[in-house]
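A.B. asks: Numbered by our numbering, the letters in the sequence shown go through residues 3 to 155 in order. Even glycine gets a Cβ: it sits at the ideal position worked out from N, Cα and C. The structure presented is a predicted model; accordingly, all values stated were derived computationally and were not measured.
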Amino acid sequence: MSALEQMYQQVIMDHARQAHGRGLVEIELPLVGESHQVNTTCGDEIRLRVGLDGDRIGAVSWEGQGCSISQASVSVLSELVEGESLEEADRTMDAFRDLMQAKGEPLDDDREDLLGDATAFVGVGKYPARIKCAMLGWMAFKDAVIQARKDQP
Numbered sequence: 003m004s005a006l007e008q009m010y011q012q013v014i015m016d017h018a019r020q021a022h023g024r025g026l027v028e029i030e031l032p033l034v035g036e037s038h039q040v041n042t043t044c045g046d047e048i049r050l051r052v053g054l055d056g057d058r059i060g061a062v063s064w065e066g067q068g069c070s071i072s073q074a075s076v077s078v079l080s081e082l083v084e085g086e087s088l089e090e091a092d093r094t095m096d097a098f099r100d101l102m103q104a105k106g107e108p109l110d111d112d113r114e115d116l117l118g119d120a121t122a123f124v125g126v127g128k129y130p131a132r133i134k135c136a137m138l139g140w141m142a143f144k145d146a147v148i149q150a151r152k153d154q155p
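1. What separation, rounded to the nearest whole angstrom, lies between the Cα atoms of Val78 and Ala21?
2. Which residue's Cα is closest to the Cα of Gly85: Asp96, Arg99 and Arg58?
3. Between which two residues does the beta strand (DSSP E) carrying Asp55 extend?
4. Suppose you measure from the CA of Val52 to the CA of Thr43; what does that come to, to the nearest Å?
5. Cα separation between Gln12 and Ala136?
6. Where do the ends of the alpha helix (DSSP H) carrying Ile59 lie?
7. Could you compute how far the alpha carbon of Arg19 sits from the alpha carbon of Arg49?
8. Would you mind giving the Cβ-Cβ distance between Gly60 and Gly45, rounded to the nearest angstrom? I have them listed as a contact below 8 Å.
9. What are the start and end residues of the beta strand (DSSP E) that includes Ser77?
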């Protein structure tokens with residue numbers, strides 16, 4: 003294993019152990035959405051809640067169980083998108099989806115900078131069954147935003 007792969011593995015393990023946003027909490031913002039997603043292949047499960055403050059992601063909290071990839075991925079997501087505009091969060095999600103579809107190849111520097119710790123998941127793209135694990139929290143986030151925006155005037 004290369005030094006870079008070891009570093010990526012450590013980032014994933016750190017996020018899995020000390021997950022950002024873990025602990026489903028009540029969000030005191032006008033627009034709140036929640037989504038429950040299950041990876042039927044392996045049983046990983048995430049319930050994610052998002053609060054919107056206008057066009058910004060005001061808060062993200064979640065609870066779940068599953069492999070270190072699914073848990074670390076939703077932790078990284080929470081850290082990345084909190085405080086972003088909806089447009090910025092969409093770009094971040096698109097970049098992560100591209101990373102998963104890159105089959106282990108790195109992205110361009112701009113998208114890697116945008117993804118921060120999420121670039122640690124580059125190797126996951128080599129294993130199609132694990133892509134679902136990594137994408138679980140991201141799909142929950144996307145759905146929760148849709149749910150929150152339903153209540154938007």
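C.D. replies: Result, derived from the coordinates:
1. Working through the sequence shown from its first residue, we reach residue 78 at position 76. Working through the sequence shown from its first residue, we reach residue 21 at position 19. Roughly 8 Å separates the two Cα atoms.
2. In the sequence shown, residue 85 corresponds to position 83, counting from 1. Per the Cα distances, Arg58.
3. For the purposes of this step, residue 55 is taken as the residue at position 53 of the sequence shown. From DSSP, the beta strand (DSSP E) with Asp55 extends over Glu47 to Asp55.
4. Here the question's residue 52 lines up with position 50 in the sequence shown. Here the question's residue 43 lines up with position 41 in the sequence shown. Rounded to whole angstroms, Val52 to Thr43 spans 25 Å at the Cα level.
5. For the purposes of this step, residue 12 is taken as residue 10 along the sequence shown, with counting starting at 1. For the purposes of this step, residue 136 is taken as residue 134 along the sequence shown, with counting starting at 1. Looking at the two C-alpha atoms, the distance is approximately 16 Å.
6. Position 57 of the sequence shown, counted from the start, is the residue given in the question as residue 59. Careful: Ile59 lies outside any alpha helix (DSSP H), inside the beta strand (DSSP E) at Arg58 to Gln67.
7. Position 17 of the sequence shown, counted from the start, is the residue given in the question as residue 19. Position 47 of the sequence shown, counted from the start, is the residue given in the question as residue 49. Straight-line Cα distance between these residues: approximately 18 Å.
8. Within the sequence shown, numbered from 1, the residue matching residue 60 stands at position 58. Within the sequence shown, numbered from 1, the residue matching residue 45 stands at position 43. Actually they are not in contact, since the Cβ atoms of Gly60 and Gly45 sit about 31 Å apart, beyond 8 Å.
9. The residue given as residue 77 occupies position 75 in the sequence shown. Run containing Ser77: none in the beta strand (DSSP E); it sits in the alpha helix (DSSP H), Ser70 to Val83.
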